[in-house]
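Undergrad:
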Amino acid sequence: NAGVTQTPKFQVLKTGQSMTLQCAQDMNHEYMSWYRQDPGMGLRLIHYSVGAGITDQGEVPNGYNVSRSTTEDFPLRLLSAAPSQTSVYFCASRSGAETQYFGPGTRLLVL
Amino acid sequence: LAKTTQPISMDSYEGQEVNITCSHNNIATNDYITWYQQFPSQGPRFIIQGYKTKVTNEVASLFIPADRKSSTLSLPRVSLSDTAVYYCLVGRMNRDDKIIFGKGTRLHILP
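These protein sequences, in sequence, are chains F and P.
So for the first sequence, our numbering puts the first residue at 1; every next one is plus one.
So for the second sequence, our numbering puts the first residue at 1; every next one is plus one.
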């Protein structure tokens, strides 16, 4: 199993550009989530999903969209990138009450 | 979700036992206590989970008093590689529960 994979590893955007961060898991987990982590800070939940077709907002959802068309994939879309969205983004998945497995992260720099 | 309070940072020396305490005064009856570890530039990874009394695995021990309003993560004989951020989470961990991370405790192990 590859676990949770994220692409790209690193991305530079200009203010106003849009992009999609990809996340995939091969563990057949129902629950997937996106977090952002700013330098020296803890993780903040952006959006999460409890299954295909079901998504909900986390702590800091503004400026981000998600969809969950399959169990495996949970892409995060930045609609119009802003410097405040410079961060490391982590995707995670779990099954039921099990612990979460995290991906390696995507480092995003918005200029 | 129960709010948790942990020290912001701790220093210790190699070979020592490190105890990190987490307060969770409003823990609910069905809540579990889970600890994650995060190394720099990596996503968090599960360390240990418990409901009451004591849980031990190959990495750490978790002590939970009878009132469950706090818990203590114990790392035996730490090494430099234990330098990381440690997060305490409290929640049911059910299928539909979003998982919120706090700021964590930044543990720095000195030689």
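The beta carbon of each residue, even a glycine, is placed where N, CA and C say it ideally should be.
1) Check whether the segment 75-92 of chain P touches the segment 28-45 of chain P, counting contact only when three or more Cβ pairs, one atom from each stretch, lie closer than 8 Å.
2) Rounding to the nearest angstrom, what Cα-Cα distance links F/Thr106 and P/Ser79 in this structure?
3) Confirm, please, whether the CB-CB distance from F/Phe74 to F/Ser49 is below 8 Å.
4) I want to verify the contact list: residues of chain P whose CB lies under 9 Å from the CB of F/Ser33, in sequence order.
5) My output table needs one value for F/Leu116: the three-state DSSP class, helix, strand or coil.
6) Would you say P/Gly102 lies against chain F (beta-carbon separation less than 8 Å)?
7) Just the Cα atoms here: how many angstroms apart are F/Gln25 and F/Gly103?
8) Going by the beta-carbon positions, is the gap between P/Asp11 and P/Leu75 smaller than 8 Å?
9) Please report whether the beta-carbon of F/Met19 lies at a distance below 8 Å from any beta-carbon of chain P.
10) Measuring CB to CB, does F/Gln17 end up less than 8 Å from P/Ile99?
11) Under a three-way DSSP split, which group does F/Asp56 fall into?
12) Give the straight-line distance between the Cα atoms of P/Leu62 and P/Arg77, rounded to the nearest whole angstrom.
13) Could you check how far apart the C-beta atoms of F/Asp38 and F/Ser87 are, in whole angstroms? I think they sit under 8 Å.
14) Cβ closer than 9 Å: which chain F residues qualify as neighbours of P/Gln6?
15) Just the Cα atoms here: how many angstroms apart are F/Thr15 and P/Ile33?
16) What does F/Gln41 reach in chain P if we use C-beta pairs closer than 8 Å?
17) Counting only the same chain and skipping the five closest in sequence on each side, list residues whose C-beta sits under 7 Å from that of P/Ser70.
18) Determine, using beta carbons only, whether P/Arg77 comes closer than 8 Å to chain F.
19) For F/Phe90, would you say it is in contact with chain P, using Cβ-to-Cβ distances shorter than 8 Å as the test?
20) What are the boundary residues of the beta strand (DSSP E) that includes P/Ile20?
TA: Straight from the coordinates:
1) yes
2) 28 Å
3) yes
4) Lys98 and Ile99
5) Here chain F covers residues 1 to 111 and nothing more, so residue 116 of chain F does not appear.
6) yes
7) 9 Å
8) no
9) no
10) no
11) strand
12) 15 Å
13) 5 Å
14) Result: empty, since nearest Cβ-Cβ is about 10 Å, beyond 9 Å.
15) 40 Å
16) The sequence shown places Met at residue 41 of chain F, not Gln. The contacting residues are Lys103.
17) Thr21, Cys22, Ser23 and His24
18) no
19) yes
20) Val18 to Ser23
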